[in-house]
Structure formats: structure tokens, C-alpha cells
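Working notes, structure below.
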Amino acid sequence: MAKGWPSSDSTSRIPNRLDSRSCPVARASYRLAPSEMKKLSEQLQDLFDKGFIRPSSSPWGALVLFVKKLDGSFRMCIDYQELNKLTVKNHYPLPRIDNLFDHLQGSSIYSKIDLRSGYYQLRNEKEHEEHLKTILGLLKEEKLYAKFSKSMIESIKDWASPKTPTKIHQFLGLASYYRRFIEGFSKIAKSMTKLTQKGIRFDWGEKEESAFQLIKQKLCSAPILALPEGSEDFVVYCDASYKGLGAVLMHREKVIAYASRQLKIHEKNYTTHDLELGSVVFALKMWRHYLYGTKCTVFTDHKILQHILDQKKLNMRQHRWLELLSDYDCDIRYHPGTTNIVADALSLKEQVELLRKALDTKLSMSTVCHPKTDGQSERTIHTLEDILRACVIDFGKGWVKHFPVAEFSYNNSYHASIKATPYEALYGRKYRSPVCWAEVGEAQLTGPELIQETTEKIVLIKQRIQAA
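Counting in our numbering, the sequence shown runs from 22 upward without gaps.
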């Protein structure tokens with residue numbers, strides 16, 4: 022027996038069942054370089070000396086090729102594709118990795134042991150004990166030797182910047198597997214994901230490099246996440262913006278998982294209400310295995326969602342989503358965006374603040390009941406009061422129905438201070454349609470009678486404003 026290796030007779034024999042109707046398959050070997058042939062001879066001789074292989078004249082044959090390891094050495098691999106096609110598969114259920122993670126609740130330190138050339142040390146023994154000390158004891162008793170040279174963290178830290186879309190796919194494939202541990206993953210990886218799309222020119226710049234380094238940093242750092250203890254007291258925080266959807270799952274004030282994704286093309290046309298409701302649906306679908314069949318609380322910074330179940334006028338999309346919500350025992354509550362720090366990773370506050378400073382715009386804040394704190398707001402309120410007074414005089418109790426016309430009149434009146442109408446100053450163009458939406462909705466967009474009536478009302482309001 023070679024030093025550091027178990028004897029060949031200690032290895033369990035595992036039968037390989039083949040289809041009885043199959044014929045032996047043998048393929049000619051690949052052409053190898055002289056250096057590879059030398060390496061092949063050395064490895065075959067080493068395995069023969071240790072008793073793992075023996076000379077054979079079997080009609081079955083498979084190809085041999087080499088794969089370079091991360092440490093620079095070569096691993097001999099055998100191409101069993103043809104043999105696998107004729108092998109009778111073993112059918113048994115495999116446990117889900119997410120469920121295995123949940124069973125680890127209460128533990129704080131985990132160890133992963135990699136058997137040295139483990140393919141040649143296969144055993145058919147019962148499961149080892151959970152604790153690391155017992156595992157190491159069994160390894161020593163069975164003369165199994167672990168290899169401690171590997172370091173997944175080091176391989177991630179030393180991962181070179183991708184230079185092709187394929188390399189980006191490879192990196193994001195690894196990172197996406199651990200995205201539940203990375204807050205705002207979709208937002209961070211957005212610039213890199215764009216480079217993998219068809220028709221997009223590959224241009225790796227500072228923005229992409231910064232996102233790449235940030236993801237590597239988050240993969241190598243220890244996330245402060247917990248495993249759920251029990252099936253009650255789950256809390257979900259949801260948020261949405263024009264960039265994507267985000268959510269955080271918490272249990273007894275501890276973060277369990279993060280989830281986020283970018284908006285699809287058609288979702289970018291959704292209203293704010295639908296986006297916020299969509300973020301709730303996204304979270305419930307993502308964590309169904311936690312939330313289904315138990316009472317949970319959902320927090321959103323869109324106040325109107327508190328009464329979504331009581332609304333009567335819903336579109337088809339909202340009807341479909343409400344059917345899904347009915348399957349869950351969830352209580353939707355309002356949580357102001359300023360305090361929703363956990364899930365508000367998609368907030369646009371920072372971008373808006375930078376834009377305000379770039380445009381040299383000053384925000385003047387004033388309260389509803391004390392407008393004198395801001396002279397501009399006070400003057401605007403007086404103007405709106407005059408308009409409403411004219412509406413009350415001419416339209417009586419039905420003045421509320423004509424308020425959109427009054428608003429249109431103000432927004433399209435010439436202001437000497439800005440030398441344009443407010444609407445034109447804001448949007449850079451004149452208002453296109455004087456349609457009174459409060460009366461016709463989407464039923465009619467044009468029509469001589471409607472236009473004539475609306476024009477007369479606008480003229481009347483302007484006259485009253487001038488007289489006042």
C-alpha cells in the first residue's frame with residue numbers, strides 16, 4: 022500500500038448495471054501531446070502501483086483527456102458518455118439544497134472537507150456524524166486523507182475581470198447561486214448583465230469593474246443572515262422602482278434572505294401602483310415555502326395597498342394577482358419609505374438629490390396650514406383660490422366636476438415671470454388636447470361638441486379670473 026493511501030481491498034465494490042440489449046462500446050483515444058502522454062503514463066503507473074487499476078482486455082473502452090486544475094496540475098478524466106447511455110439509471114429523490122440549509126438552524130460554524138482524489142476512495146458506508154470532531158475521527162480510523170489546499174474564497178478573490186460575455190455568464194452563474202445572501206444583487210449586477218445581451222457592444226468600463234469587485238467582496242464576506250426557527254412571525258418588506266423589484270424576508274427581527282430582480286421590458290410601462298403590488302407578489306412567490314399556510318405581515322411604502330382587497334375597480338392584472346394573494350394569510354401594512362431602510366435598496370433618493378444639485382434647484386418646504394413660510398406657495402394658493410371661486414359662482418354645487426378644466430386653465434395660462442405657460446415650461450411643448458377627462462374618461466378622445474363645450478368653459482374661467 023502506498024504511503025498516504027488506503028489499500029485497494031478497502032474500497033467498496035459498487036455494481037454498474039447495463040442494459041441487457043447493449044453491445045460493448047469502444048472508441049479510439051484522443052491524440053495527446055507528448056507532455057500529456059508523459060503525464061498519462063505517470064498517472065497510470067501511479068494508480069497501478071496503488072492497486073486501483075489493472076491490465077484488461079475488455080471489449081469496453083473509453084477515451085481519456087486531461088483537465089487543468091486551479092492549482093496548475095492536470096486531472097485525468099475518462100469520457101464515459103457512451104457507457105452512461107447504456108447504463109441503467111438509479112432513480113431516487115434528491116433533497117433540495119434550500120431545505121438542507123434550513124435544517125442547519127442553530128449552528129454557527131460549518132466545515133467542508135474535500136477528500137484527496139476522492140473518486141478512488143469511494144465508500145458505501147452509513148452517514149457520518151454531524152460534528153466536525155467526530156468526522157475527523159472517522160476519517161482517521163478509515164484512513165481517508167483530506168486535502169486542505171483548496172480555498173474557494175481565494176479562487177473568488179483571484180478571479181480575473183471578465184473579458185467576454187461568456188466569462189461574465191460564468192461569473193454571474195456562480196454569484197447568482199448565492200444571491201439570496203447579497204442585498205440588492207440585481208441592481209449591482211445590472212451593468213454586467215447588459216453586456217451579455219445580444220446586440221450590445223462589449224465595453225468593460227469602470228462601472229462594470231466596480232460592480233464586479235463589489236460582488237466578489239460580498240461573496241467573500243460573511244453575510245449576517247439567520248435561519249428561521251419555527252414557521253411563524255415572518256415579516257416581508259417590499260419595494261419597487263423603475264429599475265427593479267426588491268424584498269427582504271425577516272423572522273423575529275433577523276434577516277433570512279434577500280431577493281431582487283430587474284424589470285422586464287413590459288413591466289417598465291406599469292404604473293407605480295402595479296409595480297408596488299408586483300413587488301409583493303414577487304416576494305410571496307419567491308418565499309412560498311416559508312409563507313404558505315402561515316400568517317405573515319407584509320410592509321410596503323405604497324399606502325394604498327393596505328386597501329387593495331377592498332377595491333372594486335381593478336384591471337385584469339390586478340385581479341390575477343389578488344387571486345394569488347388570497348392563497349396567503351398575509352396582512353399588508355403601510356411602512357413609510359423614509360423608515361423602510363431594509364427593503365428600500367432601490368430608492369431613487371440619492372439620484373434625485375444629485376440631479377437637484379446639478380440643476381441648482383432649491384426646494385422650499387411649507388406646511389398645509391402655514392403657507393406663509395414660503396411666499397411662492399402662498400401666491401400660488403391665492404391664484405388657485407380665485408379660480409375655485411369663479412367655478413363656484415358659475416357652476417354651483419357641481420364645481421367639483423369642472424375642477425380638471427380649472428387646473429387646465431391655470432397650467433396653460435401665460436406667466437410673465439417665466440414667459441411661458443407652466444405646462445410648456447415643465448414639458449417643453451404645448452398641451453395637445455383640451456379634453457375633460459373627468460367627464461369622458463377614455464370613451465371619447467375627440468369630437469366637435471366636446472371641444473366646443475370645453476373651450477367655452479375655459480374662456481369663461483379666464484374672464485372671471487381677470488374680473489377678480
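From the three backbone atoms N, C-alpha and C, an ideal C-beta is built for every residue, glycine too.
Excluding five sequence neighbours on each side, which residues of the same chain lie with their C-beta closer than 6 angstroms to the C-beta of residue i?
i: Lys316; result: Asp350
i: Gln64; result: Met97
i: Arg38; result: Val109
Does the beta-carbon distance from residue i to residue j come in below 8 angstroms?
i: Lys161; j: Lys208; result: no
i: Leu298; j: Gln238; result: no
i: Leu270; j: Ala278; result: yes
i: Ile479; j: Val426; result: yes
i: Pro249; j: Asp123; result: yes
i: His356; j: Thr321; result: yes
i: Gly267; j: Gly205; result: yes
i: Glu229; j: Leu216; result: yes
i: Phe255; j: Leu312; result: yes
i: Leu86; j: Tyr113; result: no
i: Leu405; j: Tyr431; result: yes
i: Phe95; j: Lys60; result: yes
i: Cys72; j: Arg48; result: Note that residue 72 is Gly in the sequence shown, not Cys. Not closer than 8 angstroms, so no.
I need the straight-line Cα distance from residue i to residue j, nearest angstrom please.
i: Ala280; j: Val301; result: 11 angstroms
i: Leu53; j: Leu84; result: 11 angstroms
i: Lys211; j: Leu296; result: 19 angstroms
i: Val46; j: Leu159; result: 40 angstroms
i: Gly194; j: Arg200; result: 10 angstroms
i: Ser79; j: Phe69; result: 17 angstroms
i: Asn433; j: Arg400; result: 17 angstroms
i: Leu330; j: Gly314; result: 19 angstroms
i: Ser252; j: His310; result: 10 angstroms
i: Leu326; j: His294; result: 8 angstroms
i: Ser43; j: Tyr101; result: 15 angstroms
i: Gly449; j: Lys178; result: 50 angstroms
i: Glu151; j: Thr318; result: Confidence at Glu151 is low in this model, with a pLDDT of 47, below 50, so its placement is unreliable and the value that follows should be read with caution. The straight-line gap from Cα to Cα measures roughly 35 angstroms.
i: Thr187; j: Gln283; result: 20 angstroms
i: His436; j: Pro443; result: 7 angstroms
i: Tyr258; j: Arg354; result: 10 angstroms
i: Met337; j: Asn290; result: 15 angstroms
i: Lys451; j: Leu375; result: 28 angstroms
i: Leu125; j: Ile118; result: 11 angstroms
i: Gly196; j: Lys285; result: Reading off the sequence shown, one finds Ala at residue 196, where the question assumed Gly. The straight-line gap from Cα to Cα measures roughly 21 angstroms.
i: Asp490; j: Trp180; result: The shown model of the chain, from 22 to 489, leaves out residue 490, and the question about it has no answer.
i: Gln66; j: Arg75; result: 10 angstroms
Who are the near neighbours of residue i in its chain, counting only those whose CB is closer than 8 angstroms to its CB and skipping five residues on each side?
i: Phe233; result: Ser182, Pro183, Phe192, Met213
i: Ile439; result: Ala446
i: Glu288; result: Leu296, Gly299
i: Ala441; result: Tyr435
i: Gln484; result: none
In this structure, does DSSP put residue i in helix, strand or coil?
i: Ser50; result: coil
i: Val109; result: coil
i: Tyr355; result: strand
i: Phe223; result: coil
i: Arg200; result: helix
i: Tyr101; result: coil
i: His323; result: coil
i: Tyr452; result: coil
i: Gln283; result: strand
i: Ala181; result: coil
i: Arg96; result: strand
i: Ile277; result: strand
i: Gly72; result: coil
i: Leu380; result: coil
i: Leu157; result: helix
Using a Cβ-Cβ cut-off of 7 angstroms (strictly less than) and excluding sequence neighbours within five positions of residue i, which residues of its own chain qualify?
i: Asp40; result: Leu107, Val109
i: Ala459; result: Annotation note: pLDDT 48 at Ala459 (below 50); position unreliable, no value reported.
i: Lys324; result: Tyr355
Check whether the Cβ of residue i lies closer than 7 angstroms to any heavy atom of the ligand ADP, and answer yes or no.
i: Pro45; result: Ligands in the displayed structure: none, and consequently the ligand ADP is not present.
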